[in-house]
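Undergrad: One structure follows; several queries about it will come next.
Number of protein chains: 4
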Amino acid sequence: MGSIYGKIFQISTFGESHGAAVGVVVQGCPSGIDFDLDFIQSELDRRKPGQSRITTQRKEADSIEVLSGVFEGKTTGTPIAMLVWNGDQRSKDYSHISDQFRPSHADYTYFAKYGLRDYRGGGRSSARETVARVAAGALAKLVLNQLGVKISAYVSQVGKLKLNTPVEQLDLSLTENNAVRCPDPKLAEEMFTYIDEIRKQGDSVGGVVSAYIQGCPVGLGEPVFDKLHAELGKAMLSINAVKGFEYGSGFDGVALKGSEHNDIIVKDAETGEIKTLTNHSGGIQGGISNGEPIYFRVGFKPVATIMQDQDSLNEKGEKITVSGKGRHDPCVVPRAVPIVEAMAAIVLLDFYLRNKLIQLSAL
Amino acid sequence: MGSIYGKIFQISTFGESHGAAVGVVVQGCPSGIDFDLDFIQSELDRRKPGQSRITTQRKEADSIEVLSGVFEGKTTGTPIAMLVWNGDQRSKDYSHISDQFRPSHADYTYFAKYGLRDYRGGGRSSARETVARVAAGALAKLVLNQLGVKISAYVSQVGKLKLNTPVEQLDLSLTENNAVRCPDPKLAEEMFTYIDEIRKQGDSVGGVVSAYIQGCPVGLGEPVFDKLHAELGKAMLSINAVKGFEYGSGFDGVALKGSEHNDIIVKDAETGEIKTLTNHSGGIQGGISNGEPIYFRVGFKPVATIMQDQDSLNEKGEKITVSGKGRHDPCVVPRAVPIVEAMAAIVLLDFYLRNKLIQLSAL
Amino acid sequence: MGSIYGKIFQISTFGESHGAAVGVVVQGCPSGIDFDLDFIQSELDRRKPGQSRITTQRKEADSIEVLSGVFEGKTTGTPIAMLVWNGDQRSKDYSHISDQFRPSHADYTYFAKYGLRDYRGGGRSSARETVARVAAGALAKLVLNQLGVKISAYVSQVGKLKLNTPVEQLDLSLTENNAVRCPDPKLAEEMFTYIDEIRKQGDSVGGVVSAYIQGCPVGLGEPVFDKLHAELGKAMLSINAVKGFEYGSGFDGVALKGSEHNDIIVKDAETGEIKTLTNHSGGIQGGISNGEPIYFRVGFKPVATIMQDQDSLNEKGEKITVSGKGRHDPCVVPRAVPIVEAMAAIVLLDFYLRNKLIQLSAL
Amino acid sequence: MGSIYGKIFQISTFGESHGAAVGVVVQGCPSGIDFDLDFIQSELDRRKPGQSRITTQRKEADSIEVLSGVFEGKTTGTPIAMLVWNGDQRSKDYSHISDQFRPSHADYTYFAKYGLRDYRGGGRSSARETVARVAAGALAKLVLNQLGVKISAYVSQVGKLKLNTPVEQLDLSLTENNAVRCPDPKLAEEMFTYIDEIRKQGDSVGGVVSAYIQGCPVGLGEPVFDKLHAELGKAMLSINAVKGFEYGSGFDGVALKGSEHNDIIVKDAETGEIKTLTNHSGGIQGGISNGEPIYFRVGFKPVATIMQDQDSLNEKGEKITVSGKGRHDPCVVPRAVPIVEAMAAIVLLDFYLRNKLIQLSAL
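Residue numbers (our numbering), protein chains in the order written: chain A, 796 to 1158; chain B, 796 to 1158; chain C, 796 to 1158; chain D, 796 to 1158.
What follows is the structure in structure tokens.
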């Protein structure tokens, strides 16, 4: 359990880090979508290891293969299965940890829960499973693009280096221009240098990915438990290494007064559209989108794998030393940007579809 | 849609702020639980309005009534329906806003989504629906108590007044001793005074509720999407006015290095239990509980209802002035404490049940 | 578990035969439906005991009460809670069976499954829970009516007395004219006499309810597991005392050849509509409605409660005699007619809503 | 939607008849199961085309490939993805029907529902998708075997040739000895001859598959909607070409009196076990298994594909002649036997797991 997500646009993922393949079956994708395989591959390439010297040097081709649900270039409305074969597995890299519990990894909890575990590269707990998220998210993006919804994520913090510019003043088209995926070129350079230092220390560091969603129609999100931001929060928190989620004014909004925080509703003099003067609500009110841009922040911890010796236990409960080996990311946020976008796309499309069922007059 | 929560211990809630009743049908509650109605009522009393002058002065008896699923004092394994009749409704208080969109409320989004809305007291979007959460959560607590799990929430911030003491050094038995529900008596007084000032200004202010869970067994939570903290995050974010969620080291952990953040695994010399020296993980690794205390923080915005005039629009799109009337909370966090506990209980019990199905040897 | 049904139009039911109330929370009902309480009550009246001397003589007012989700006569899109208070409970009628396992009842299986049970009138296993189905089904009918879908059920067999007239030659408006709910007045009389004899013998007898659905649009039903007839089958089989379900040609179709069974597709010369010359398919092909009338048969066993002494065991495993007492139906099918219609309505509306999400061009 | 089945042991299937592959992702399979790939392959071989001259002559190797969830020969508790590549596709066989609606096929309904369709061999509506069911069902059987549950299906009717021997008097070990899969060798021969005649006529004929389940523990099944037989019914009705389902006394039970039909409960003098003297209940009472053998019958129509010319329409609504080509089964029931077993296994394991959550004392 745990590997299914979504209610209408529903994905079921599978695969271990060093198993045969990782993949996803997408249920509930509408028929008639132009299936742009190149776009899906390009999203996977954004997530791929080995993009620069500050990401893991593992080489994985990560070529997407489509097994079903597409006919003559269009989705047919039936399940779409996609997978990526695991190439550069190097399982022997991990044989030395076959009975070790690495600190702050999922080794111990998986072992305790299941009674056994695929220890190679973290098995199912590895961030390699995000390949499936990015593939499914790319498909969701294809649909959302046709509906006018645009999702942009970017790195807004690495360690203590924080981007303080309001998102409206950023040029988000610059995000993909640097290896860090920070739209402020100067700060991006500082971040790069800092991550590279951390890498040389054999250490790791955390960061924040921010997301900004434009063109989302009014009405997405459901009352009570399935509020739009609640589901976005779950989606983000389910990504490996995420420790926090906030949207709109977030934790900073706590210290404000209602009279400062409330977003005054006005009518645009020209277009006649209803909008708000400020957007502390982050585009969501009462759990339902109000047409303003949606924005949120996702906090990632420093990844647990470091190239240093650490005390720990093995499966027998004996004291051991876990020594840092293998090839890992010193800072996960640059590669997390497409993953955040993918999960946001999956949530938004699911809610888009759920919202079609609401009014009698629309049936 | 949106009013069902949980996979095994599954709740279906209903009710508008000024409708006949609010309530819940609980599916999947195990049979044989001693059904302690007094305890459930006492939890509702902690949530009830009118507890002090810093909470809304609405008078609601909020007496719980049980319609099914209990026989001779024990749960029977069949659905348990519970409801609270809405007493002090004063619907006329709201007639003046029948076509108004109050700023940062859900009036506009509900109207746009559904084409009509129950405007009385916010209808379904009112925090009155949390009555159902607290009732279901109290039932979950009854089960968890028998399983040794203890959930404690408390107010850790009001506006800029922040409790910085680590939770291990707090005496959480003091939480219920003051109207603010802050376990630090001195800070609680400051917070009370501050909220009272805000109240006199006709304004509102935000705050933070922290939660601390002891006795949670190893193994709760599912890989990938249904990580324990992801579901806790969704549960908390679904509570009215919540803007952020973080667990363990949270957003502060972002700035740490892996070598600082990793929790070293050790064996307790006396008990032989596996534990960690630090707990930046917040009791959850790879989405699965590791037996350490679980802790998290939930950020609440200042509530949107204030006793001041604000510009806005009505349903026709005409400019209006929304004037502050009615009886509302200047700061929502004191009454949110039992709600946070309730949602945590619902999530934990659901995952407890899901975890029973994992190993062949346990079947 | 087990008391939730539907994916979009989703009902959650509760209540024991002799508990406080039976009821339902309906999630996912579209907003803007004219909520006709009288119609819902009239459907419950069709199911009510005591309608004639061939149904149980229990007196139950079965007045429906609506607690939420309706405002100014229209559904609001939020959960609709409805309940019926249990009036004429006479619990003492059942005290003598508190530890008895009645033959072919659910007494033993509930006790074994849950470790305890509400023995009064069968508790949750009583057909009294169908009150909730009929209420929710009536609501579904209100929506379907506006969409042009008409569901008619009728009694087509009692014991060996079988209605052989093809449905197209029946006048279904006659169904409600007699206590048996058989549209053939002459056969209805014979059936009435037969059931009355069975009643006098203190025995019971089975029967068949047939259903006929007109106006169902093309496209309802989902491929593979959620085929329209598969879900209709589950819905019918979930009704108390049902032993079999067949649609279209059913079990008789087994003996046909493909060349006899296939429904030739033609275009209506006048309307230009696509239809089939015969309808062995029962209006469903590949699990998806094709626009032809949908029809199916539901077989009910003789109810287990009879007014005769029977050998059995009690909870301790001791031999006992179960003596027939209480007030029960000698033949369940006349009162099952509205229940079959209700379940059909719930399934069809759910599939109607699910079908809105299919094509990109419809989003 | 529609391709996901089960609540805990949950399968998500994919694949078209002439796409790249058909497969399944199984979620919720317990960890620690000995994964017997040979057994799974042997089940697929029972379903495979080309087993005798009365089944389709298509040649498909149908080799199962496992992509995830298994490590060192055991299930790990994570999703198990299995697939079969489509080999002998011969897509050109179908080019002539690319715009044709074949009578009593799903061509028209899929086209109407989705706006386009993969016409090759029926695409997703082809019975080829049952490969995924059999693979997942074989896995479920592996678990059930360890729990002592044995599922046996067999052909009990072909056309009008009907097996009337009660199941208790049959030697079910003979089922696999003949191409028809009828445990009565003499009748099997008659059936074979009859099917072969039908084949020579270019026609098809229907049949019935019966199932018999031994060793099912007391307590499987949930009250109200998820009754064990209701879910079994849905599972069977979801198989291609199925028109009816009955369990226990079935439609024949309709004509019985309660005094004849009730199963008297007794204690076995030797074992002390509670059992019933007769088993009209079919092993299920109140929707919950009572420990007696479960048995049911599944009616299959004659398959729609025949080797004869038939009138029909094309996508433009023009009159055409559909001519019989390709390679198909004159009678589907011999190959349906393993499919019925597979679906029964999936349902039973899912309910087995759901039943572990019931009593507090078991938590």
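Where is the CB? At the ideal position from N, CA and C, for every residue including glycine.
Strictly under 7 Å for the Cβ-Cβ distance: is Leu1148 of chain B near chain D by that measure?
TA: Your numbering for residue 1148 of chain B matches position 353 in the second sequence. It does: the Cβ of Leu1148 of chain B has a partner Cβ on chain D nearer than 7 Å.
Undergrad: Does DSSP classify Ala816 of chain A as helix, strand or coil?
TA: Locating residue 816 of chain A in the first sequence gives position 21, counting from the first residue. Here Ala816 of chain A sits in strand by DSSP.
Undergrad: Kindly confirm or deny that the region 1054-1067 of chain B and the region 990-1010 of chain B touch, where touching means at least three C-beta pairs closer than 8 Å.
TA: No: fewer than three Cβ pairs fall under 8 Å.
Undergrad: Apart from the five residues on each side of it in sequence, which residues of its chain come closer than 7 Å, Cβ to Cβ, to Asp1124 of chain B?
TA: Position 329 of the second sequence, counted from the start, is the residue given in the question as residue 1124 of chain B. Hits under 7 Å: Thr850, Thr851, Val1098, Arg1130.
Undergrad: Cβ atoms of Gly872 of chain D and Arg1137 of chain D: under 7 Å apart, would you say?
TA: Within the fourth sequence, numbered from 1, the residue matching residue 1137 of chain D stands at position 342. Within the fourth sequence, numbered from 1, the residue matching residue 872 of chain D stands at position 77. Position check: residue 1137 of chain D holds Ala in this sequence, whereas Arg was assumed. No.
Undergrad: Using only the alpha-carbon positions, how far apart do Glu985 of chain D and Leu956 of chain D sit?
TA: The residue you call residue 985 of chain D lines up with position 190 of the fourth sequence. The residue you call residue 956 of chain D lines up with position 161 of the fourth sequence. Taking the straight line from one Cα to the other gives about 8 Å.
Undergrad: Shorter than 7 Å from the beta carbon of Arg919 of chain A to some beta carbon of chain B?
TA: Translated into positions along the first sequence, residue 919 of chain A becomes position 124. It does: the Cβ of Arg919 of chain A has a partner Cβ on chain B nearer than 7 Å.
Undergrad: Can you check the region 953-1011 of chain B for any beta strand (DSSP E) of at least 3 residues that lies completely inside it and give the ranges in chain order?
TA: As far as the region 953-1011 of chain B is concerned, its whole beta strand (DSSP E) runs of at least 3 residues are 1002-1009.
Undergrad: For the pair the region 1029-1043 of chain B and the region 1076-1094 of chain B, tell me if three or more CB-CB distances fall below 8 Å.
TA: Segments in contact, yes.
Undergrad: Under 6 Å: does the beta carbon of Gly1016 of chain B sit that close to some heavy atom of the ligand HEM?
TA: Of the ligands one can find in the structure shown there are none, so the ligand HEM has no counterpart to examine.
Undergrad: Kindly indicate which three-state DSSP category Phe1146 of chain A falls into: helix, strand or coil?
TA: As a working mapping, residue 1146 of chain A is identified with position 351 in the first sequence. Three-state DSSP puts Phe1146 of chain A in a helix.
Undergrad: Counting only Cβ-Cβ distances shorter than 8 Å, please list the residues of the region 809-831 of chain D near chain A, keeping chain order.
TA: Result list: Phe809, Gly810, Glu811, Gly814, Ala815, Ala816, Val817, Gly818, Val820, Gln822, Gly823, Ser826, Gly827.
Undergrad: Tell me, to the nearest whole angstrom, how far the beta carbon of Ile1101 of chain B is from that of Asp998 of chain B; I am working on the premise that it is less than 8 Å.
TA: Here residue 1101 of chain B is taken as the residue at index 306 of the second sequence, counted from 1. Here residue 998 of chain B is taken as the residue at index 203 of the second sequence, counted from 1. About 5 Å separates the two Cβ atoms, so the contact holds.
Undergrad: Let me confirm a value: Arg1149 of chain B is counted as buried when at least 16 other C-beta atoms fall within 10 Å, else exposed. Which label applies?
TA: Counted from its first residue, the second sequence places residue 1149 of chain B at position 354. Answer is buried; the Cβ neighbour count reaches 16.
Undergrad: If I follow the unbroken beta strand (DSSP E) through Tyr1090 of chain C, where does it start and stop?
TA: Taking the first residue of the third sequence as position 1, residue 1090 of chain C is located at position 295. Tyr1090 of chain C -> beta strand (DSSP E) spans 1089-1095.
Undergrad: Would you report the Cα separation of Leu939 of chain B and Val962 of chain B, rounded to the nearest angstrom?
TA: What you label residue 939 of chain B is simply residue 144 of the second sequence in a count that begins at 1. What you label residue 962 of chain B is simply residue 167 of the second sequence in a count that begins at 1. Their backbone Cα atoms lie some 21 Å apart in a straight line.
Undergrad: Using a 10 Å radius around the Cβ and a threshold of 16 neighbouring Cβ atoms, would you call Glu838 of chain B buried or exposed?
TA: Locating residue 838 of chain B in the second sequence gives position 43, counting from the first residue. By the neighbour-count rule (16 or more Cβ atoms within 10 Å), Glu838 of chain B is buried.
Undergrad: Please list, in chain order, all residues of the same chain as Tyr903 of chain C whose beta carbon is under 6 Å from its beta carbon, the five residues on each side excluded.
TA: Here residue 903 of chain C is taken as the residue at index 108 of the third sequence, counted from 1. The answer, listed in chain order, is Phe896.
Undergrad: Is Ala930 of chain B close to chain A, meaning its C-beta is less than 7 Å from at least one C-beta of that chain?
TA: Translated into positions along the second sequence, residue 930 of chain B becomes position 135. No, Ala930 of chain B does not count as interfacial toward chain A.
Undergrad: Taking the CB atoms as reference points, tell me whether Ala901 of chain B and Gln1080 of chain A lie closer together than 7 Å.
TA: What you label residue 901 of chain B is simply residue 106 of the second sequence in a count that begins at 1. What you label residue 1080 of chain A is simply residue 285 of the first sequence in a count that begins at 1. Yes, Cβ-Cβ distance for Ala901 of chain B and Gln1080 of chain A is below 7 Å.
Undergrad: How is Phe1029 of chain B classed by DSSP in three states: helix, strand or coil?
TA: Here the question's residue 1029 of chain B lines up with position 234 in the second sequence. Sequence check: residue 1029 of chain B is Lys here, not Phe. In the structure shown, Lys1029 of chain B sits in a helix (DSSP, three-state: H, G or I).
Undergrad: Hey, is the region 1022-1037 of chain D in contact with the region 915-927 of chain C, meaning 3+ C-beta pairs nearer than 8 Å?
TA: No, they do not touch.
Undergrad: In terms of alpha-carbon separation, which member of B:Val944, B:Tyr1007, B:Leu934, B:Ser890 lies closest to Thr970 of chain B?
TA: Indexing the second sequence from 1 puts residue 970 of chain B at position 175. Selected option, being the one with the closest Cα: B:Tyr1007.
Undergrad: Does the separation of the CB atoms of Gly797 of chain A and Pro1018 of chain B fall below 7 Å?
TA: Residue 797 of chain A sits at position 2 when you count from the first residue of the first sequence. Residue 1018 of chain B sits at position 223 when you count from the first residue of the second sequence. Yes, these two residues count as a Cβ contact at 7 Å.
Undergrad: State the Cα-Cα distance for the pair Ser1005 of chain D and Val819 of chain D, rounded to the nearest angstrom.
TA: As a first step, residue 1005 of chain D must be located in the fourth sequence, where it is residue number 210. As a first step, residue 819 of chain D must be located in the fourth sequence, where it is residue number 24. Cα to Cα, the separation comes out at about 26 Å.
Undergrad: With 9 Å as the limit, tell me which residues of the region 1126-1154 of chain D have their beta carbon closer than that to any beta carbon of chain B; keep them in chain order.
TA: Within the region 1126-1154 of chain D, the residues whose Cβ lies closer than 9 Å to some Cβ of chain B are Tyr1147, Leu1148, Arg1149, Lys1151, Leu1152, Ile1153, Gln1154, listed in chain order.
Undergrad: Reducing DSSP to helix, strand and coil, say where Val929 of chain A ends up.
TA: Here residue 929 of chain A is taken as the residue at index 134 of the first sequence, counted from 1. Correct three-state label for Val929 of chain A: helix.
Undergrad: Can you look up Ala856 of chain B in the DSSP assignment and give me helix, strand or coil?
TA: One-based indexing of the second sequence puts residue 856 of chain B at position 61. Reduced to three states, the DSSP call for Ala856 of chain B is coil.
Undergrad: Select from the region 1003-1021 of chain C all residues with a C-beta closer than 7 Å to any C-beta belonging to chain D, and list them in chain order.
TA: Per Cβ criterion, the list reads Val1003, Val1013, Gly1014, Glu1017, Pro1018, Val1019, Phe1020, Asp1021.
Undergrad: What separation, rounded to the nearest whole angstrom, lies between the Cα atoms of Gly916 of chain A and Val1049 of chain B?
TA: Position 121 of the first sequence, counted from the start, is the residue given in the question as residue 916 of chain A. Position 254 of the second sequence, counted from the start, is the residue given in the question as residue 1049 of chain B. Rounded to whole angstroms, Gly916 of chain A to Val1049 of chain B spans 24 Å at the Cα level.
Undergrad: Under 7 Å between C-beta atoms, does Gly1081 of chain D make it to chain B?
TA: Here residue 1081 of chain D refers to the residue found at position 286 when the fourth sequence is read from its first residue. It does not; no Cβ of chain B falls within 7 Å.
Undergrad: What are the boundary residues of the alpha helix (DSSP H) that Ala907 of chain C is part of?
TA: For the purposes of this step, residue 907 of chain C is taken as residue 112 along the third sequence, with counting starting at 1. It spans 902-909 - the alpha helix (DSSP H) in which Ala907 of chain C sits, taken as one unbroken run.
Undergrad: Could you check whether the Cβ of Ala927 of chain B sits closer than 7 Å to any Cβ belonging to chain C?
TA: In the second sequence, the residue the question calls residue 927 of chain B occupies position 132. Taking Cβ atoms only, chain C never reaches closer than 7 Å to Ala927 of chain B, which makes this a no.
Undergrad: Closer than 8 Å by beta-carbon distance: list the chain A residues that pair up with Gly872 of chain C, in chain order.
TA: For the purposes of this step, residue 872 of chain C is taken as the residue at position 77 of the third sequence. Here the neighbours are Ile1153, Gln1154.
Undergrad: For Leu956 of chain A, decide whether its Cβ has a neighbour in chain D, counting only Cβ atoms nearer than 7 Å.
TA: The count along the first sequence starts at 1 and reaches residue 956 of chain A at position 161. Not one chain D Cβ lies under 7 Å of Leu956 of chain A.
Undergrad: Determine, using beta carbons only, whether Ile1101 of chain C comes closer than 7 Å to chain A.
TA: Walking along the third sequence from the start, residue 1101 of chain C turns up at place 306. It does not: the Cβ of Ile1101 of chain C has no partner Cβ on chain A nearer than 7 Å.
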